[in-house]
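These notes are about the structure you will find just below.
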Amino acid sequence: MLKNVCVRILALISLFNLAFSVRAQESGTLKIISYNIWNGFEKQQDRKDKFSDWMRKEQPDIVALQELVDFKQTDLAQLAKTYGHTYTVLLKSKVTLSVFPHVIRSDL
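What follows is the structure, encoded as structure tokens:
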């Protein structure tokens with residue numbers, strides 16, 4: 001269990017290092033959005049659509065989502081595609097301060 005958590009933490013650190021170095025070389029800025037989707041959008045398609053529209057407008061490099069209730073990796077990948085992101089990672093862990101799943105993703 002502890003080994004698994006350590007591997008996930010190292011993977012996240014590596015992802016951030018890569019994202020910061022690549023993005024900084026291109027424009028000197030990196031846009032990160034952390035967003036609570038409130039209980040998996042409560043299975044309301046209109047909320048998902050509004051979120052996707054907003055994300056396309058904002059064009060973040062990295063997105064961290066909270067409360068992905070009932071989401072699976074395929075659900076997250078499908079959502080991310082709606083706003084132009086192709087890389088996703090779904091992390092579900094009770095080691096953090098939240099009991100809800102956390103997502104770190106990058107389009108770099």
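Residues in the sequence shown are numbered from 1 upward in steps of one, following my numbering.
Beta carbons are placed, not taken as given, at the ideal position from N, Cα and C, and that holds for glycine.
- The distance from the Cβ of Gly40 to that of Leu68 is about 6 Å, consistent with a contact at the 8 Å cut-off.
- Counting along the chain, the unbroken beta strand (DSSP E) around Leu65 starts and ends at Ile62 to Gln66.
- Relative to Trp54, the option among Tyr83, Leu90 and Gln78 whose CA is nearest is Tyr83.
- When rounded, the separation of the alpha-carbon atoms in Ser34 and Gln66 is 8 Å.
- The residue among Ala64, Gln59, Lys72 and Thr88 with its C-alpha nearest the C-alpha of Thr29 is Gln59.
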